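*Asks:* Starting off with a structure, shown below.
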Amino acid sequence: MSVNSCSGVFRCPGRRLRGRGGAARCAMIGFERKGEGAIIRLDQPQRMNALTEPMVEALDAAVDAAVASGARALMITGAGRAFCAGGTLSEPLPQDAGAILESHINPLLLKLADLPIPLVAAVNGPAIGAGASIALAADMIVMSRSAFLAYAFAQVGLAPDGGASWLLPRTLGWHRAMSLMMTGERITADQALDWGLAWKAVDPEVLVSEAEALLERLASGPTQAYAAVRRTARAALDLGFAQALDLEREAQGEAGRTADFREGAAAFIARRPARFTGR
16 MSVNSCSGVF RCPGRRLRGR GGAARCAMIG FERKGEGAII RLDQPQRMNA LTEPMVEALD
76 AAVDAAVASG ARALMITGAG RAFCAGGTLS EPLPQDAGAI LESHINPLLL KLADLPIPLV
136 AAVNGPAIGA GASIALAADM IVMSRSAFLA YAFAQVGLAP DGGASWLLPR TLGWHRAMSL
196 MMTGERITAD QALDWGLAWK AVDPEVLVSE AEALLERLAS GPTQAYAAVR RTARAALDLG
256 FAQALDLERE AQGEAGRTAD FREGAAAFIA RRPARFTGR
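Here our numbering is used: position 46 in the sequence shown is 61, and no number is missing along the way.
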């Protein structure tokens, strides 16, 4: 599907605009198909792409649009100098700061966790609070060296959200995760790479090309196998070893019935590149 043919798939819940090249865009989110992949761009650079309720609603709709369009991989990035500044504190403060989590943020994070396709975060600038949590929810993170992650919830008197309290200890270990959430210290791109958070740390001028190359690689790969990787790896975080083995057996049975497995095996035997179709 070309970029020009995808605009009808994305039904923005807010004010609708027309993006460059025919890509669908609303006042807060840009969406486009890129080959077999899809790109979502948080598009309120004047607010550092902060997560207002309308922004989260538009992001949620764009994720649905990516799946509905048949995209085989998804990338989320930000417009302007920031990836996402997290929740906004410039609006009247709510009496219940957890309400937006229940109604908006948590459903979005669960949707990202359950995606049937690989998810890439191209972190182009600061990712703070819930914005850093969205980046952490990705399967692979490519970071610009001008970017940083900061889980600075406690610095404004709030608890971690967006799954940070669950994901960070499992990714970095207890003490490093606790230190980051208590101090709010910035994680540079090179630190993120060294600690195993980021797949790549690149110079700002090549972030787009590097991230899009990764998107293309994943979008042309064995989609059903990637879905199995996501499902089994995430489930295994809460399973015992025997249960994880049972889940792997179930997933392998399903993967072995796909056209991509037959193609992958044939390509391996013939010593040629595989031509996966996602089926």
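Don't be surprised by glycine CBs; every beta carbon is placed ideally from N, CA and C.
Model, not experiment: these values are computed from the prediction.
With DSSP as the reference, label Met9 as helix, strand or coil.
*Replies:* In the structure displayed, the chain extends from 16 to 294; residue 9 sits before or after that span and is not available.
*Asks:* In the structure shown, what three-state DSSP assignment does Ile55 receive?
*Replies:* Residue mapping note: residue 55 aligns to position 40 of the sequence shown, counting from 1. Three-state DSSP puts Ile55 in a strand.
*Asks:* Where does Glu5 land, buried or exposed, given buried means 16+ other C-beta within 10 angstroms?
*Replies:* Here the chain covers residues 16 to 294 and nothing more, so residue 5 does not appear.
*Asks:* The alpha helix (DSSP H) with Arg264 in it runs from where to where?
*Replies:* On the sequence shown, position 249 is the one that residue 264 refers to. Looking at the DSSP string, the run of the alpha helix (DSSP H) that includes Arg264 is Phe256 to Ala270.
*Asks:* For Gly177 versus Ile149, is the C-beta distance shorter than 9 Å?
*Replies:* Within the sequence shown, the letter at position 162 stands for residue 177. Within the sequence shown, the letter at position 134 stands for residue 149. Yes, the Cβ-Cβ distance between Gly177 and Ile149 is below 9 Å.
*Asks:* On the DSSP bridge list, what partners appear for Met90?
*Replies:* Against the sequence shown, residue 90 aligns to sequence position 75. For Met90, which the question treats as bridged, DSSP gives the partners Ile54 and Val135.
*Asks:* Tell me whether Gly85 sits in a helix, a strand or coil according to DSSP, three-state version.
*Replies:* Position 70 of the sequence shown, counting from 1, holds the residue named residue 85. Under the three-state reduction of DSSP output, Gly85 falls in the coil class, being neither helix nor strand.
*Asks:* Going residue by residue through the stretch 144 to 212, where are the continuous beta strand (DSSP E) segments of at least 3 residues, counting only ones entirely within it?
*Replies:* 155 to 159 and 163 to 165
*Asks:* Determine the burial state of Arg287: buried for a count of at least 16 other Cβ atoms within 10 Å of its Cβ, exposed for fewer.
*Replies:* Your numbering for residue 287 matches position 272 in the sequence shown. Flag for Arg287 reads exposed.
*Asks:* Could you check if Glu220 is buried or exposed, using at least 16 other CB atoms within 10 Å of its CB as the buried criterion?
*Replies:* The residue given as residue 220 occupies position 205 in the sequence shown. So Glu220 counts as exposed.
*Asks:* Under the three-state reduction of DSSP, which class applies to Gly102: helix, strand or coil?
*Replies:* Taking the first residue of the sequence shown as 1, we reach residue 102 at position 87. In the structure shown, Gly102 falls within a coil segment according to DSSP collapsed to helix, strand and coil.
*Asks:* Specify whether the stretch 150 to 161 and the stretch 198 to 215 touch according to this definition: at least 3 beta carbon pairs, one from each stretch, less than 8 Å apart.
*Replies:* Output reads yes: the stretch 198 to 215 touches the stretch 150 to 161.
*Asks:* Let me make sure I understand the geometry here. Which of Thr238, Leu124, Arg56 and Pro131 has the alpha-carbon closest to that of Gly293?
*Replies:* Here residue 293 is taken as the residue at index 278 of the sequence shown, counted from 1. Nearest C-alpha to Gly293: Thr238.
*Asks:* Only counting the same chain, and skipping five residues up and downstream in sequence, which positions put a Cβ closer than 8 Å to that of Phe283?
*Replies:* In the sequence shown, the residue the question calls residue 283 occupies position 268. Cβ neighbours of Phe283 beyond the five flanking positions: Ala289.
*Asks:* Per the contact definition of three or more C-beta pairs closer than 8 Å, is the stretch 191 to 202 in contact with the stretch 222 to 231?
*Replies:* no
*Asks:* Starting from Ala228, trace the alpha helix (DSSP H) in both directions and tell me its first and last residue.
*Replies:* Taking the sequence shown and counting its residues from 1, one reaches residue 228 at position 213. Leu222 to Ala234 is the extent of the alpha helix (DSSP H) around Ala228.
*Asks:* Looking at the unbroken alpha helix (DSSP H) that takes in Gly279, where does it start and where does it end?
*Replies:* For this step, residue 279 is matched to residue 264 along the sequence shown. Start and end: Ala274 to Ala285.
*Asks:* Using only CA atoms, which one of Ala142, Met43, Leu127 and Ile132 lies nearest to Phe168?
*Replies:* Along the sequence shown, one-based indexing puts residue 168 at 153. Minimum Cα distance to Phe168 is reached at Ala142.
*Asks:* Looking only at C-alpha atoms, which of Gly140, Thr247 and Leu252 sits nearest to Phe98?
*Replies:* In the sequence shown, counting from the first residue as 1, residue 98 sits at position 83. Comparing Cα positions, the closest option is Gly140.
*Asks:* Does the stretch 48 to 58 come within contact of the stretch 258 to 275, defined as at least 3 CB pairs closer than 8 Å?
*Replies:* no
*Asks:* How should Phe256 be labelled, buried or exposed, when 16 other C-beta atoms within 10 angstroms of its C-beta is the threshold for buried?
*Replies:* The sequence position of residue 256 within the sequence shown is 241, counting from 1. Exposed is the call here.
*Asks:* In the DSSP output, which residue or residues are listed as bridge partners for Val217?
*Replies:* Your numbering for residue 217 matches position 202 in the sequence shown. Note: Val217 is bridge-paired with Ser159 in the DSSP secondary-structure output.
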